[in-house]
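Numbering (UniProt numbering), first residue to last: 1 to 857.
Written out as structure tokens, the structure reads:
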């Protein structure tokens, strides 16, 4: 228990603004929420909210997320933990650069002015951060370690540069990772994305695809199932075979990945992605007419998003390239087409088309009158003995015919046969089920040297270079003889040049290229003139490891000390929006595994527990500064006060549900907080009073909440805890108003419990109550009061009696009543008997001690 004091404020009215100012000043002076050092022997908890981007002021979506972060951090402090709860800013990126261009200003000025506003808002909100650990990703002392990380990946061949088709935003004039394209548009500005061939830097995340997928099993039950499924779908592992096809008149083989090598006998043509190198090569050898048609088609395809290309209901288009591939399993000649429903970066950019059993292939075959060959009898049972296949004298299978299958012929019906069955028209595979036929086909391909078992992924390597100024400079040097070498470690950080004098407007190449003096350097190996890399890193690199930098944000000697990582990491509770389910979380998981392989950390997943909050809506839409539909953070706290906003948000509904801001009642929250303050003001007993002498009924309400709240908080049922607090305040008020109740020890005990638990949601009010009750600050550091188990045993309960599903009476009964005793009391109750009238009970369901349900004839 905290130490009593005698100078509690006078009872009376309460000035919300004055209370806020008072406690914010005291918190700032005392810094009570700083995490304990190595000498602190308490168990540790690392609580972290996804750090904000400094775009203007925060809005109510942020208010929701950071209220939840603070609830969790404060809860674990009360539970006796040494809590690390830091704050920083994801301060590089396009919004700052675009705003600077519009204003003719330096991105730094805009960024750090917004950060100052954020800090002010967070302090007004009563957030219990460890303010000694602030970081900004745009500070050289931070991005110096981005550059260290880049070079570590380069040393391990996990960072590389190549030319390939990339997603290009024509508005922002920069490339985008696949994950930054939403429905074919730039996730930042909404412009339609096009494909463009450029030389870019990549991180080889595909080397970790299996680990990224399989390690999700470790997170089951700790991350939302929806997020785990989104990650699994994005990684998209497919298991099948690589099959080598020869193309007539061409040296070398074309490898095709397929999940159904069992259907090779049903392949009737090959399709290549029109924007692939293979398509360009094959078209170059075609007639002049085909070359012209192919070029026109390619230009059309490059204007179409990958999402649209994959849409199943689009009319199928393509160009025959006047070439033929040879099916390695039966020697059939397969015409080769370029068609946009195949993507250059899936598998190997070419597919064998089996139109009878793939709807997109079938639609294409019907559009261009190509053959359709059924090789899976979907009418045949897939269990039981393998059917006997009759053969002629030469060993060729005799086709007995199948009228039922003939009626399902895809060439006629236009519907592909995608179900399981047994193989037909497939030589040695005839009669086998799908699983056995796949295994046999892979065996035969391997034996003949024309294929092998393989896996492929939807995941693509992470494209990290950007053609913009406001980001981490890529720490590499391009020499005159074509080598690419790292900037020497003793020259890091490689800092950005002054933005003044640079043209930051997007133009397809990095503004850094115009900083002539900055670009010029020397080859560290030869001393000859050389050039720096002009691109900057994707800001998702900044946020992929920031949780580790918080462990020692001002360390100039290393990215993070291993000892601190061993003490604090991984993050115990990570809180933020589900919109980061793929991009940020996937990249953070990848970098964590790389750091594990480098021996820098001893864990492989960055966030042990993930809490996703719903969105705060205004007029049914997500709040957005660009759309102009937002309520700014600071403005929202002017009238009701920060605590009322926090309580209203916590009470609005389950954490994962969306909240319509216009339905959130800050007025109701204000009234509740005023009642809580009046309860504390009315207590007249001394802090040392013996609680056991107090009102037993009120003590039961108090101790049940003390017992139930921890489980409810850990289940993120914050709204239920607030509702239970309201009940306790009301119960305490009734006891006070019952006469001499203000002096009742149970009233003091209840008021102290309210102050301690209310600290999670309304810290300014809770501190004021605590001081009114005669204690020194800070209630946020008070250990959780332990419930008295004897007060948790219910002596009597209220049982409900239902007749034909409607409540017809209640009974006060002993908590340990038997079902037979409860039923007898219900049958004998006068109100129940009147409700029954002449009806006869035909069934009784008794769930002692709470419910009796009668069904009548």
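We treat Cβ as the ideally placed atom computed from N, Cα and C, and that holds for glycine.
Excluding five sequence positions before and after residue 712, the CB atoms of its chain that fall closer than 7 Å to its own CB belong to 720, 721, given in chain order. By the beta-carbon neighbour count (other beta carbons within 10 angstroms, threshold 16), residue 129 is buried. A Cβ-Cβ distance of about 20 Å is found for the pair residue 68 and residue 779, leaving them out of contact under the 8 Å criterion. Bounds of the alpha helix (DSSP H) holding residue 834 are 830-836. Here residue 146 is buried: its Cβ has 16 or more other Cβ atoms, across all protein chains shown, within 10 Å.
With fewer than 16 neighbouring CB atoms inside 10 Å of its own CB, residue 226 falls in the exposed class. Annotated as distal: residue 33 and residue 542, with beta-carbon spacing of 9 Å or more.
One alpha carbon belongs to residue 790, the other to residue 818, and they sit about 22 Å apart. Annotation: residue 674 to residue 49 spans about 30 Å, alpha carbon to alpha carbon.
For residue 200, there is no enclosing alpha helix (DSSP H); the enclosing beta strand (DSSP E) covers residues 194-203. Cβ-Cβ separation between residue 275 and residue 298: approximately 6 Å, consistent with a contact (criterion under 8 Å). The DSSP-derived three-state label of residue 121 is helix. Of all C-beta pairs linking the region 591-603 to the region 638-647, fewer than three are shorter than 8 Å, placing the two stretches out of contact. Partner residues in the beta bridge of residue 465, as assigned by DSSP, are 537. Beta-bridge annotation (DSSP): residue 568 is not paired with any residue.
Listed in chain order, the alpha helix (DSSP H) runs fully inside the region 268-333 are 277-284, 288-302, 306-309, counting runs of at least 4 residues. Segment contact: the region 355-368 against the region 265-274, three or more CB-CB distances shorter than 8 Å; contact assigned. Here residue 855 carries a strand assignment [DSSP, helix/strand/coil]. When beta bridges are read from the DSSP output, residue 98 appears opposite no residue. One thing to note: residue 521 has its Cβ no nearer than 9 Å to the Cβ of residue 467. Residue 114 counts as buried, since no fewer than 16 other beta carbons sit within 10 angstroms of its beta carbon. With a contact defined as Cβ atoms closer than 8 Å, residue 504 and residue 511 qualify at about 5 Å.
Residue 615 is positioned such that its CB atom lies closer than 9 Å to that of residue 658. Just measuring C-alpha positions, the residue of 176, 193, 177 sitting nearest residue 184 is 193. For residue 412, there is no enclosing beta strand (DSSP E); the enclosing alpha helix (DSSP H) has its first and last residue at 410-413. Inter-residue distance for residue 435 and residue 201 is about 40 Å (C-alpha atoms, whole angstroms). Residue 256 and residue 160 have their C-alpha atoms roughly 25 Å apart.
One Cα belongs to residue 379, the other to residue 283, and the distance between them is close to 41 Å. Going by DSSP, residue 132 is part of no beta strand (DSSP E) at all; its letter is neither H nor E. At least 9 Å separates the beta-carbon of residue 360 from that of residue 411. Rounded to whole angstroms, residue 798 and residue 782 show a C-alpha spacing of 35 Å.
DSSP, reduced to helix, strand and coil, places residue 802 within a strand of the structure shown. Boundaries of the alpha helix (DSSP H) harbouring residue 67: 60-78, taken from the DSSP string.
Here the alpha carbons of residue 698 and residue 704 stand approximately 10 Å from one another.
In its chain, beyond the 5 residues on either side, 466, 467, 468 have a beta carbon closer than 6 Å to the beta carbon of residue 174. At the C-beta level, residue 602 and residue 566 come within 9 Å of one another.
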